[in-house]
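Numbering (the UniProt record's numbering), first residue to last: 1 to 674.
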């Protein structure tokens with residue numbers, strides 16, 4: 001990992017190591033009174049060793065704001081908030097302002113673009129910019145760059161990727177102009193060139209200017225690789241300091257950063273551009289979340305610098321832990337998107353599922369008035385693990401009781417689903433972190449009233465989780481039937497034609513496991529989405545060896561799953577031949593299959609040889625109820641599924657575990673919400 005800690009120049013700025021925290025919105029932008037919270041978040045990441053942090057997109061003018069939840073640097077109040085943030089950081093690291101224009105992605109009826117072509121993800125049709133307005137837009141980037149320096153930023157990044165305005169001008173899919181800014185590949189790159197020229201003109205010589213360009217749009221008909229390389233070479237000739245290689249558009253139907261994408265899947269795109277554009281730092285990004293992937297990218301010379309965004313939500317100290325040989329204590333980003341992207345796209349404050357303190361740093365402060373307590377945590381699912389970690393980090397003496405022979409609870413179970421093997425990283429983190437914090441872990445310990453009386457703790461956190469809901473149908477003895485727990489642990493063997501009863505998040509995940517046993521790898525992922533075609537990357541049919549159908553009485557399939565990930569999973573299931581049925585009642589199981597009744601009263605037989613039940617969960621809270629009635633004076637918490645099994649997810653469990661830990665010894669409980 002020697003290269004990762006070698007300095008490198010971006011313009012006249014010397015980056016102390018090869019790590020950049022990439023741009024992401026925090027859900028705090030576009031508001032006043034958020035400088036302290038942003039500074040606390042960014043400051044913690046500088047403390048953790050990252051050399052450069054890129055902000056979420058800061059619009060260069062009012063029409064470029066993606067929504068009202070974006071800063072516009074030409075707005076005096078917004079510029080003042082950014083200046084205050086940089087002042088609070090007080091030179092603890094170098095902040096880079098991402099200069100941004102949403103173009104047709106702006107969720108506003110007055111949105112603009114190179115041509116009047118509506119984006120599939122936006123209800124509004126953009127107004128085509130006049131040629132004069134194009135020049136004015138480029139000029140606004142230059143003004144924004146000058147203001148960025150004046151507000152305390154030490155670098156700027158021009159956003160020319162992910163389908164935003166500059167990227168829209170470069171693509172023949174969205175640019176149907178015939179003027180200086182469109183008509184052929186050379187003229188389509190002119191917006192990028194004129195923006196860069198305006199930015200350079202408004203900054204001192206050598207001021208670091210990064211251009212985030214799209215390495216591949218993943219939109220059928222997107223620019224060719226040769227055209228992309230021409231743009232990279234042109235930007236280098238024009239004087240850009242570094243190129244950050246972005247991947248895909250938001251409207252693309254190819255997942256680029258979810259659990260369905262193998263680690264480091266896109267580094268080869270950065271590497272190919274690096275080969276064609278020598279002499280300028282190339283930054284690789286997207287699905288890089290662990291030291292081994294970083295090492296592989298550097299060993300194969302695919303990039304000079306690594307940009308990670310979500311991983312710094314999960315663990316502020318990644319860089320320092322790698323440098324000091326403590327990689328086994330990195331809290332790895334699991335690419336779930338639940339607390340970050342899913343929040344960002346509904347203009348909600350961002351955080352992290354596995355680290356709910358992220359972006360909430362000011363809410364969780366150590367109270368010196370709270371004396372160390374003896375704390376017992378029952379259950380080692382997500383909520384219990386976080387409760388034990390946070391309690392120990394606050395100086396409490398923690399005993400963690402787990403009835404099985406391994407940590408993880410529902411996370412351990414879910415890690416058997418393709419792509420969700422990332423969950424094993426979270427369990428690995430806690431296995432190493434808890435002993436280092438002094439937590440007394442007791443596996444194979446079935447907690448009862450007698451044991452609790454013997455332990456006599458000051459505070460107890462019940463994280464006893466859930467169990468599969470009981471479900472029966474007439475004729476259930478006619479075919480092999482198992483619940484999701486038994487299937488995922490290998491106790492139940494499904495046949496070749498399977499009916500999944502229940503179409504919520506668990507049912508969809510089980511269907512994924514039934515149709516695809518293994519985690520995605522670089523080869524299978526590229527083949528599945530035809531990535532190597534470059535200009536025609538679309539999902540390919542890949543019929544499963546099993547016939548699988550998911551049944552749901554009412555509501556939408558996958559209800560409760562994140563909007564930024566479920567579409568991709570459903571697309572994969574459909575491509576593998578999974579059938580979806582909803583709006584029905586279950587009648588009986590015969591030796592031939594599952595008999596259902598449709599809304600119109602028609603009876604239908606779905607032929608199958610086995611069934612997996614995914615009909616929800618029930619809370620395991622009997623011990624909590626009993627102990628609470630016997631010890632009303634004790635400080636007792638119940639969290640996660642044991643508190644409420646309806647709609648339980650790991651995001652809520654982790655957060656409730658953290659809240660419980662910070663409430664120990666206090667009269668008022670911490671109640672930060674997901």
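Note that the Cβ used here is the ideal one computed from N, Cα and C, for glycine as well.
- Note on the segment 627 to 657: whole beta strand (DSSP E) runs with a minimum of 3 residues are 635 to 638, in chain order.
- Per DSSP, residue 508 is one residue of the alpha helix (DSSP H) stretching across 505 to 515.
- When DSSP states are grouped into helix, strand and coil, residue 406 belongs to the coil group.
- 8 Å or more divides the Cβ of residue 53 from the Cβ of residue 1.
- In this structure, residue 257 sits away from residue 284, with a CB-CB distance that is not shorter than 8 Å.
- When the five nearest sequence neighbours on each side are left out, the beta carbons in the same chain lying within less than 6 Å of the beta carbon of residue 636 are those of 460 and 628, in order along the chain.
- Going by beta carbons, residue 350 and residue 27 fall inside the 8 Å limit.
- Per DSSP, residue 282 is not a residue of any alpha helix (DSSP H); the beta strand (DSSP E) it occupies stretches across 282 to 284.
- The segment 219 to 236 makes contact with the segment 183 to 192: 3 or more CB pairs, one atom from each, lie closer than 8 Å.
- Taking residue 277 as reference, the option from 238, 306 and 394 with the minimal CA-CA separation is 238.
- Unbroken alpha helix (DSSP H) runs of no fewer than 4 residues, entirely contained in the segment 335 to 371, are found at 341 to 344, following chain order.
- A distance of 8 Å or more separates the beta carbons of residue 407 and residue 366.
- Assigned with DSSP and collapsed to three states, residue 463 falls in coil, not helix or strand.
- Within the same chain, 73, 147 and 151 come within 7 Å of residue 79 by CB-CB distance, once the 5 residues on both sides are set aside.
- Counting other Cβ atoms within 10 Å of its Cβ, residue 402 reaches 16 or more and is therefore classed as buried.
- Within the DSSP secondary-structure output, residue 96 pairs in a beta bridge with 54 and 155.
- Taking a cut-off of 8 Å on C-beta distances, the segment 575 to 586 does not touch the segment 264 to 272, as fewer than three cross pairs fall below it.
- Residues of the same chain with a CB within less than 8 Å of the CB of residue 496, apart from the 5 flanking positions on each side, are 545, 546, 547 and 609 in chain order.
- Every unbroken stretch of the alpha helix (DSSP H) spanning 4 or more residues and falling wholly within the segment 472 to 497 is given here in chain order: 484 to 488.
- Fully contained in the segment 545 to 574 are the following beta strand (DSSP E) runs of length 3 or more, in chain order: 547 to 552.
- Per DSSP, reduced to three states, the secondary structure at residue 597 is strand.
- For residue 383, the closest of 444, 440 and 466 by C-alpha to C-alpha distance is 466.
- Annotation for residue 607: the continuous beta strand (DSSP E) segment containing it runs 603 to 607.
- In terms of Cβ geometry, residue 99 and residue 156 form a close pair [threshold 8 Å].
- For residue 165, the enclosing alpha helix (DSSP H) begins and ends at 165 to 170.
- C-alpha of residue 449 to C-alpha of residue 30: approximately 52 Å in a straight line.
- Residue 64 sits in a helix when the DSSP states are folded into three classes.
- Annotation for residue 242: the continuous beta strand (DSSP E) segment containing it runs 242 to 247.
- In the DSSP assignment, residue 191 falls outside any beta strand (DSSP E) and within the unbroken alpha helix (DSSP H) covering 190 to 201.
- When secondary structure is reduced to three states using DSSP, residue 127 falls in the strand class.
- Contact between the segment 501 to 512 and the segment 531 to 543 is absent, with fewer than three C-beta pairs closer than 8 Å.
- If you draw a straight line from the Cα of residue 410 to the Cα of residue 653, it comes to about 11 Å.
- Spatial neighbours of residue 582 in its own chain (CB-CB distance under 8 Å, excluding positions within 5 residues in sequence) are listed in chain order as 503, 551, 552, 553, 554, 555, 556 and 557.
- Burial check for residue 176: the Cβ neighbour count within 10 Å stays below 16, so the residue is exposed.
- Spanning the alpha carbons of residue 202 and residue 193 requires a straight line of approximately 14 Å.
- With a threshold of 16 other beta carbon atoms within 10 Å, residue 476 falls short and is exposed.
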